[in-house]
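Chemist: Handing you a structure now.
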Amino acid sequence: MYTIAIIAYDAVNLFQLGVATEIFGIERAELKVPWYRLLICATEPGPVRTSTGLPLSTPYHLEHLAEADTIIVPSSPRFRTATAPDDLLEALRAAYQRGTRVISFCTGAFLLAAAGLLDGRRATTHWAWAAELATCYPKVQVNPHVLYVDDGQVLTAAGTAAAIDLSLYIVRQDYGAEIAAAVARRMVVPLHREGGQAQYIETPFPDLDENDPFGATLAWIAAHLDREFTIEQLAAQAAMSRRTFARRFSATLGMAPYQWILQQRIVLAQRLLETTNEPVEQIASCCGFHSAATLRLHFQRFLHISPQAYRHTFQQKQGERRIWRDW
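For the sequence shown, full-length UniProt numbering assigns the number 1 to the initial residue and increments by one for each residue that follows.
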């Protein structure tokens, strides 16, 4: 039996605490394996206040971390803006020295970094705080794009739902793919999302006046992504010179026209992969890519996953949601 300890401290994220409790703390006799023993360890005496203000009482404290094979550090805004207590940092360092597997969810990575456990390691956190983590802790190799990072003894997850992905990954490591799939089915979530998958693609679409030729041109592009474009043609449609169009594009959307159009094509490909059974070759054509190979190249570059793997994870049958049958 594996023992997992979750550290609970002031303003601990309730969702992430719930994810770990749901996956590791519920008895699963139907799986016929000795399930995890879960300890929620408070950093201070008395009830801990969660992120929603809910008080949490637990009989376990930092000294009980010595019993754990794995320690989970959920996020809290407290450790992005304030120094962590020395006893908490020392407890994490001691656990690491014992060989304990250490996991962070979202901005919990700041606490691991403060303890020095991420020095020289690859790690991730929520994309909104990745630059701050890299600035505060330059020895950490921060990847802001992925869902989670497995760097051996230390594993880190991005925001919110990535805590589910990493937790299921841990189950798969400990008990195998079949058991992890069974847990996912019970939770009615996708069986597995690869850790290298991108957290998101930022595809800005400004709220522009429909009578503005520039705004109308953007809407026309989005409706005709299967076509070839040249900057000269688009500038003429917007009643601008090529240079003025490029400047307006950069000022409004923060990127060059080619980059924005490419992102819109990727987003369209995502939607078609999720909602249709069209072959990848046909989807590539609908999105303005010259070939399926070109679509795969750009899809991998933006999302760090292949179109087929993306479809396998996210596809919904037309006209109905795909619901896992509860066990």
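Ideal Cβ placement from N, Cα and C applies to all residues, glycine included.
Taking only three categories from DSSP, how would you classify Q141?
Modeler: Collapsing the DSSP output to three states places Q141 in a strand.
Chemist: Which residue or residues does DSSP assign as beta-bridge partners of V183?
Modeler: Answer is none; V183 lacks a bridge partner.
Chemist: Just how far apart, CA to CA, sit A8 and C41?
Modeler: 6 Å
Chemist: If you follow the beta strand (DSSP E) that residue 388 is in, where does it begin and where does it stop?
Modeler: Nothing about residue 388 can be reported from this structure: the residues present for the chain run from 1 to 327 only.
Chemist: Contact defined as beta carbons within less than 8 Å: I believe A20 pairs with L65. What is the distance between those atoms, to the nearest angstrom?
Modeler: Contact flag wrong, Cβ pair sits at about 15 Å.
Chemist: Can you give, in chain order, each stretch of the beta strand (DSSP E) that sits fully within the region 57–106 and has at least 3 residues?
Modeler: 70–73, 101–105
Chemist: Identify whether I4 lies in helix, strand or coil by the three-state DSSP scheme.
Modeler: Three-state DSSP puts I4 in a strand.
Chemist: Relative to the C-alpha of A94, which residue among Q300, R296, G116 is closest?
Modeler: G116
Chemist: Going straight from the alpha carbon of A123 to that of Q141, what length do you get?
Modeler: Near 6 Å, if we compare the C-alpha coordinates of Q141 and A123.
Chemist: Mapping the DSSP letters down to three states, classify V19 as helix, strand or coil.
Modeler: helix
Chemist: State the start and end residues of the unbroken alpha helix (DSSP H) segment that holds I170.
Modeler: 162–175
Chemist: Under 7 Å Cβ to Cβ from L56, same chain only, skipping five residues before and after it: list those, please.
Modeler: A8, P47, V48, T50
Chemist: When we look at the beta-carbon of V33 and count the other beta-carbons within 10 Å, is it buried (16 or more) or exposed?
Modeler: exposed
Chemist: Should the region 287–299 be regarded as contacting the region 237–247, the criterion being three or more beta carbon pairs within less than 8 Å?
Modeler: no
Chemist: Could you tell me the distance, in whole angstroms, from the CA atom of D326 to the CA atom of P138?
Modeler: Because the pLDDT of D326 is 36, which lies under 50, any placement of that residue in the model is unreliable, and the number read from its coordinates should be weighed accordingly. In a straight line, the C-alpha of D326 is about 45 Å away from that of P138.
Chemist: Output needed for G319: all residues of its chain with C-beta closer than 7 Å, excluding positions within five of it in sequence on either side, in chain order.
Modeler: Interpretation of G319 is limited by its pLDDT of 37, a score under 50 that renders its predicted location unreliable; the figure taken from the coordinates is listed afterwards. Cβ within range, chain order: n/a, list empty.
Chemist: Please report the Cβ distance between L31 and A182, rounded to the nearest whole angstrom; I am assuming they are in contact, meaning their Cβ atoms lie under 8 Å.
Modeler: 6 Å
Chemist: Taking C41 as part of the beta strand (DSSP E), name the residues at either end of that continuous run.
Modeler: Start and end: 37–42.
Chemist: For the candidate residues L17, T52, E178, whose alpha-carbon lies nearest to that of P74?
Modeler: L17
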